[in-house]
Each structure stands twice: as structure tokens, then as C-alpha cells.
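Numbering (full-length UniProt numbering), first residue to last: 1 to 156.
Laid out in C-alpha cells, this is it:
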């Protein structure tokens, strides 16, 4: 199974890139974690946010390979504990499809992305900077993998 993180935003600060890559490199070859960056629409004083969100959503969904299981990272989503996420990961593997996780930009995900999602995951009730979410998702997925594989990374 391939995990695909599709996130709005390019040219992240170095600490974000390093943080995400630290967890990305830890995944085994049979479960790679891929990052696809979607350019954020230009936001300014008179920006048409609805149109920007729509365009970002179109680009995100175009990056999802046909047949993938889609998980939106969104506030109305479910809060998963580490054991819950590990269980989800097992279910995803048994489903036999690759998984695309969608992270929106400053205003969140486009309605089309929410509608296309098979599941919605709420990483936190807090408002988090979307660049930081990449790192948190990478770490959370790696920790769930470590639980499922009895790897010593996860300690309760």
C-alpha cells in the first residue's frame, strides 16, 4: 500500500521539509509515504477565496490516482488515537487500495475534496498551521505503522 499526502503549499520552510522527510524516510519500501504539493492560490486583499479553494480542490483531486481511498484532514472528521489510527491503517491495507490524505491550505479544504473523501480525520480541534500538519501526519502514520509492526518506536 502506498500512502500519498497531498497538501496545499509549496516552498515550505526548511524545518518543515526536514521534519516531514525524517518520517517519510522511515517508512518501509512496501508502504512508501509520498508528498505531492499543490500550489496555493494567490491570496490578497481582494482575493476570491471561493474560486481559489475550488481551483486548489481541482488540483488536489487531479493528483489522486483513480481508485485510491481518500481521507480528508478536516475539522468535522473523527479524532483517532494512535491505536485507532493503527487500526485504520490495517483496514486500509486489507482494503487493497492506496490511500490519499488531503491537507488544505489556510482556509481548509475545498468542498469538492470533502465530498470526494471516503473518510475524514480530525488531527486536532486546534487550528494548526498547515505546514506543521505535514509533520504531524507523517509522524502519526509512522507511529501507527510501528504499532502494527511491533516496532520499538511506539512506547505507551
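All C-beta atoms, glycine included, are put in the ideal place defined by N, C-alpha and C.
Within the segment 81 to 123, note down every full beta strand (DSSP E) run reaching 3 residues or more, in order along the chain. 99 to 103, 119 to 121
Could you give the residue range of the alpha helix (DSSP H) that holds residue 151? The residue labelled residue 151 in the question sits at position 151 within the chain shown. Where residue 151 is concerned, there is no enclosing alpha helix (DSSP H), given that its DSSP letter is neither H nor E.
Check the DSSP bridge columns for residue 78 and list the partner residues they point to. Within the chain shown, the letter at position 78 stands for residue 78. Beta-bridge pairing links residue 78 to 121.
Could you check whether the Cβ of residue 95 sits closer than 8 angstroms to any Cβ belonging to chain B? This model lacks chain B altogether, as it is built from one protein chain only.
What are the boundary residues of the beta strand (DSSP E) that includes residue 8? Taking the first residue of the chain shown as position 1, residue 8 is located at position 8. Segment 3 to 8, the beta strand (DSSP E) holding residue 8.
Among the residues of its own chain, which have a CB less than 8 angstroms from the CB of residue 112, if the five just before and after it don't count? Reading the chain shown from its first residue, position 112 is the one you call residue 112. Around residue 112: 54, 57, 58, 61.
Measure from the alpha carbon of residue 31 to the alpha carbon of each residue in 39, 89, 110, then state which is nearest. Along the chain shown, read from residue 1 onward, the residue named residue 31 stands at position 31. Measuring from the Cα of residue 31, the nearest candidate turns out to be 89.
Report the partner residues of residue 33 according to the DSSP bridge assignment. Here residue 33 is taken as the residue at index 33 of the chain shown, counted from 1. Residue 33 is bridged to 3.
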